[in-house]
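Student:
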Amino acid sequence: MSSEPMNDVQQQFKRRIDRFGRARRRVANGRQAYAAGVSMLGVGITAMLLLRGWIANPFVNCALTLIGGGLLVWQFVRLARRWEWRRETLSESFRLEDLAGDLNSRLISAVDFLKRPAPVAPLVAALIERACQDLDRPFEHLIDRSARNRLRVRFVLLLVLFLLLGSGLISGFGFARMGRTVTRSAVELREILFPTRYELFPGTTVCRIGTPMEVGLRFTRFGYPDVTMLTAASDREEVERSVLKADASGRVVVTLESTVEREYRVRFAFGKRMTEEMTLVFTTTPMIENMQVELVYPLYTRLVPKESEGIVDRVTALAGTRVNMGFVFSKGLKSAVLTFDDTTRIPLDVVGRFASLSFVHALERGAILQVEDIHGFALDKPHVIDFGLTVDKPPKLFVPPFLKADMPLTADELGGFTFGVRVEDDFGAAKCVVKWHKSTTDKPNQVKVKGEPIERVFIPPRPTVVAVFENIFREQSQTAEGDDLFTFQIEAFDNREPKAQSTVSASFSIFIRGQGSEGGTINDGVDNITSRVKRDGGPRVTRVYTQVGGSRVIGMPSKLDTTESGKNEFKSDRVTDSRREVTGARGETAGDYGKAFSGVK
25 MSSEPMNDVQ QQFKRRIDRF GRARRRVANG RQAYAAGVSM LGVGITAMLL LRGWIANPFV
85 NCALTLIGGG LLVWQFVRLA RRWEWRRETL SESFRLEDLA GDLNSRLISA VDFLKRPAPV
145 APLVAALIER ACQDLDRPFE HLIDRSARNR LRVRFVLLLV LFLLLGSGLI SGFGFARMGR
205 TVTRSAVELR EILFPTRYEL FPGTTVCRIG TPMEVGLRFT RFGYPDVTML TAASDREEVE
265 RSVLKADASG RVVVTLESTV EREYRVRFAF GKRMTEEMTL VFTTTPMIEN MQVELVYPLY
325 TRLVPKESEG IVDRVTALAG TRVNMGFVFS KGLKSAVLTF DDTTRIPLDV VGRFASLSFV
385 HALERGAILQ VEDIHGFALD KPHVIDFGLT VDKPPKLFVP PFLKADMPLT ADELGGFTFG
445 VRVEDDFGAA KCVVKWHKST TDKPNQVKVK GEPIERVFIP PRPTVVAVFE NIFREQSQTA
505 EGDDLFTFQI EAFDNREPKA QSTVSASFSI FIRGQGSEGG TINDGVDNIT SRVKRDGGPR
565 VTRVYTQVGG SRVIGMPSKL DTTESGKNEF KSDRVTDSRR EVTGARGETA GDYGKAFSGV
625 K
């Protein structure tokens, strides 16, 4: 069977089955519509019988009306859900097979096979041909119409009765009578639930002292010509009564004003009814009465907490200080917020008239305190507080003036090299460290040996300490050579937490000069150095150092104090580069303590 005849057969099946479907749906939907109409007419007739005015209770009448309306809506929804709509050809063929009962699914199979592409098997073609013959049977006559016809008769009878009762031809019934009963019951019910409608103004209100305020009520439905106003004030026990006249618009108005803090409680009475209480409060805005500030300094400062009382507009403290603030206001508060310049907001803990907060101070910034009291008022002018930052300065380091760059020492003198430094800090110096490295005079930037730091720890930290570094190069002096250069720096640390601050001195250096011959003079030492440089063809001499033979090692003086006219270096306010004049053992002048008593044997 080719594809074109197959399409014709398929269209034939579709038209015949659709015609059967329309007939079936017409009967089914008619049955549903008549059933719903019978139910609705029953509700309407019952409503006209019950709502003819012989039930006086408005609650019952309104309830019956609501029930009747609900039943009508439910019937409409039920009818819409059960309504038969057009179906697919295959789905409709199932209903046709069920109705016929003797087709042995030939029609369903044929519809299914016709949807498949050609060609088809001979057996399938024979089945389709037999199904085409079955379609000629009058299946519409098999549809049961008895239920629809019975419901149609009932619907017509009830419709006649409904129209007869509603027309008013029968005394005591009618659409108009039922409408009046429903309307009257609704009005009576509304009157029971909401007898007289009114509005109080301005309601519960808080206003400032000296502000006149209109108080009254306005009838919005019904009304009374006279209203009694009952006023109770917070500063008196008796209740004041006054009779007021309502104007044409149904308004009753009286003006209240107070020059002191006072609370009015107002009621209005009319007929047998009394309104709810309306509160009118005359009060002031909140004010700060007192302020307390406690500064809890960081632990490393070892300072006791500092407290102050009184209203302030500036708080200055170290970074890391916990600031505890408490405020006392003139009236109770709902909330209070401290807002910083960077939009950071810290809510205060509020209890009645008191508010407090605690935070760690870390930045120098301003803040604004604003509150809301129990009546909704804020401060007339927000309280501005500046939070200043006290800087914890690094420690001060004072080194003796004889420490210089390029200090000439022999290897023996290097072993006894000793010096002391003074460290000052506001909250305590924690330690002092000497960091050194070894290089050569020819290549001072090329580190040969990086030494271990030499520490002097101060326990407990003190504001002013003296650190003595004695014989710090003793081990290095044993292997020191003539061109060795020892460079060192002094670093002082305070006790700040979590990160200590430090101050680093300038770089000092010691170069090793060779031992002179026995019995030589200072001039001989100079001549020897000069002649050696010329002989070896070295670089141009830029600095001539005196080579002294037979010198002995001299360290720091045993006492830090001196009887010289100048200040003691460990008690000076600054570091000076000027050298003291120190006389050696042979009467010559030495520029540093390392050469203090050097001489020629």
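Residue numbers (the numbering used here): 25 to 625. A virtual CB, placed ideally from N, CA and C, is assigned to each residue, including glycine.
Which residues does DSSP pair with W460 in a beta bridge?
Tutor: Mapped onto the sequence shown, residue 460 falls at position 436. Note: W460 sits in a beta bridge opposite F512.
Student: So which of E331, G350, R265 and R389 has the shortest CA-CA distance to V374?
Tutor: The count along the sequence shown starts at 1 and reaches residue 374 at position 350. For V374, the nearest C-alpha among the options comes from G350.
Student: Go to I350, then tell me how far its beta strand (DSSP E) extends in each direction, as first and last residue.
Tutor: Position 326 of the sequence shown, counted from the start, is the residue given in the question as residue 350. For the sequence presented, residue 350 should be read as Gly rather than Ile. That run of the beta strand (DSSP E) goes T345 to F353.
Student: Only counting the same chain, and skipping five residues up and downstream in sequence, which positions put a Cβ closer than 8 Å to that of R480?
Tutor: Residue numbering aside, residue 480 sits at position 456 when the sequence shown is read from its first letter. K455, C456, V457, A491, V492 and F493.
Student: Rounded to whole angstroms, how far is the Cβ of F353 from the Cβ of R377, which I believe are closer than 8 Å?
Tutor: In the sequence shown, counting from the first residue as 1, residue 353 sits at position 329. In the sequence shown, counting from the first residue as 1, residue 377 sits at position 353. Rounded, the Cβ-Cβ distance is 5 Å, consistent with contact.
Student: Would you list the residues sitting across from V492 in a DSSP beta bridge?
Tutor: Taking the sequence shown and counting its residues from 1, the one referred to as residue 492 is at position 468. Paired residue(s): G444.
Student: Please state if the CB of T309 and the CB of V206 are separated by a distance shorter than 8 Å.
Tutor: Here the question's residue 206 lines up with position 182 in the sequence shown. Here the question's residue 309 lines up with position 285 in the sequence shown. The answer is no: Cβ separation not under 8 Å.
Student: My guess is that A57 and L103 are in contact by the Cβ rule of under 8 Å, so how many angstroms apart are they, rounded?
Tutor: Within the sequence shown, the letter at position 33 stands for residue 57. Within the sequence shown, the letter at position 79 stands for residue 103. With 8 Å as the limit, A57 and L103 qualify as a contact, their Cβ atoms being about 7 Å apart.
Student: When we look at the beta-carbon of E116 and count the other beta-carbons within 10 Å, is it buried (16 or more) or exposed?
Tutor: For the purposes of this step, residue 116 is identified with residue 92 of the sequence shown, where counting begins at 1. When all chains shown are included, E116 counts as buried.
Student: Within the continuous alpha helix (DSSP H) that includes R275, where are the two ends?
Tutor: Numbered from its first residue, the sequence shown carries residue 275 at position 251. Segment R275 to L280 is the beta strand (DSSP E) holding R275; no alpha helix (DSSP H) there.
Student: In this structure, what does DSSP give as the bridge partners for I392?
Tutor: The count along the sequence shown starts at 1 and reaches residue 392 at position 368. Paired residue(s): T363 and V408.
Student: Mapping the DSSP letters down to three states, classify R486 as helix, strand or coil.
Tutor: Taking the first residue of the sequence shown as 1, we reach residue 486 at position 462. DSSP places R486 in strand when its eight states are reduced to three.
Student: How many Å lie between R48 and R106 at the Cα?
Tutor: Counting from 1 along the sequence shown, the entry for residue 48 is found at position 24. Counting from 1 along the sequence shown, the entry for residue 106 is found at position 82. Distance between the alpha carbons of R48 and R106: 14 Å.
Student: For D507 and S501, I'd like the C-alpha separation in whole angstroms.
Tutor: For the purposes of this step, residue 507 is taken as residue 483 along the sequence shown, with counting starting at 1. For the purposes of this step, residue 501 is taken as residue 477 along the sequence shown, with counting starting at 1. Approximately 13 Å between the Cα atoms of the pair.
Student: To the nearest angstrom, how far is it from the Cα of G94 to the Cα of R260?
Tutor: Position 70 of the sequence shown holds residue 94. Position 236 of the sequence shown holds residue 260. The straight-line gap from Cα to Cα measures roughly 57 Å.
Student: Taking C-alpha atoms, which residue in W109, E448 and A59 lies nearest to D42?
Tutor: Start at 1 with the first residue of the sequence shown, and residue 42 comes out as number 18. Among W109, E448 and A59, the Cα nearest to that of D42 belongs to W109.
Student: Roughly how far, in whole angstroms, is the beta-carbon of V276 from the beta-carbon of V317, given that I think they are within contact range, below 8 Å?
Tutor: Walking along the sequence shown from the start, residue 276 turns up at place 252. Walking along the sequence shown from the start, residue 317 turns up at place 293. About 54 Å; that fails the 8 Å criterion.
Student: By alpha-carbon positions, which one of F426, V305, A257 and A293 ends up nearest to A530?
Tutor: In the sequence shown, the residue the question calls residue 530 occupies position 506. A530 has its Cα closest to that of F426, out of F426, V305, A257 and A293.
Student: What residue range is occupied by the uninterrupted beta strand (DSSP E) comprising E318?
Tutor: Sequence index remark: in the sequence shown, residue 318 carries index 294 (1-based). Segment I312 to V320, the beta strand (DSSP E) holding E318.
Student: Using alpha carbons as the reference points, say which of F44, A343 and Q470 lies closest to R161.
Tutor: Stepping through the sequence shown from its first residue, residue 161 is reached at position 137. For the residues F44, A343 and Q470, the minimum Cα distance to R161 belongs to F44.
Student: Count the other CB atoms, across all protein chains shown, that sit within 10 Å of the CB of L241; report buried if there are 16 or more and exposed otherwise.
Tutor: The count along the sequence shown starts at 1 and reaches residue 241 at position 217. The residue in question, L241, is buried, as its Cβ has 16 or more Cβ neighbours within 10 Å.
Student: If you reduce the DSSP assignment to three classes, tell me which class L387 lands in.
Tutor: Position 363 of the sequence shown, counted from the start, is the residue given in the question as residue 387. Coil at L387, not helix or strand.
Student: With distance defined between alpha-carbon atoms, name the residue in T325, L323 and R346 nearest to E331.
Tutor: Here residue 331 corresponds to residue number 307 of the sequence shown, with the count starting at 1. Of the candidates T325, L323 and R346, the one whose C-alpha sits nearest the C-alpha of E331 is R346.
Student: Grab me the residues of T600's own chain with a C-beta within less than 6 Å of its C-beta, minus the 5 sequence neighbours each way, in chain order.
Tutor: As a working note, residue 600 is residue 576 in the sequence shown. Low per-residue confidence applies at T600: pLDDT is 39, beneath 50, and the placement is therefore not dependable enough to give any value.
Student: On the three-state DSSP scale, how would you describe G66?
Tutor: Translated into the one-based positions of the sequence shown, residue 66 becomes position 42. In the structure shown, G66 sits in a helix (DSSP, three-state: H, G or I).
Student: Give the C-beta separation of R291 and E281 to the nearest angstrom, bearing in mind that I take them to be a contact with Cβ-Cβ under 8 Å.
Tutor: Locating residue 291 in the sequence shown gives position 267, counting from the first residue. Locating residue 281 in the sequence shown gives position 257, counting from the first residue. Wrong, their Cβ atoms sit about 19 Å apart, outside the cutoff.
Student: Does Y248 come out as helix, strand or coil in the three-state DSSP assignment?
Tutor: The residue labelled residue 248 in the question sits at position 224 within the sequence shown. Residue state, collapsed to three classes: coil.
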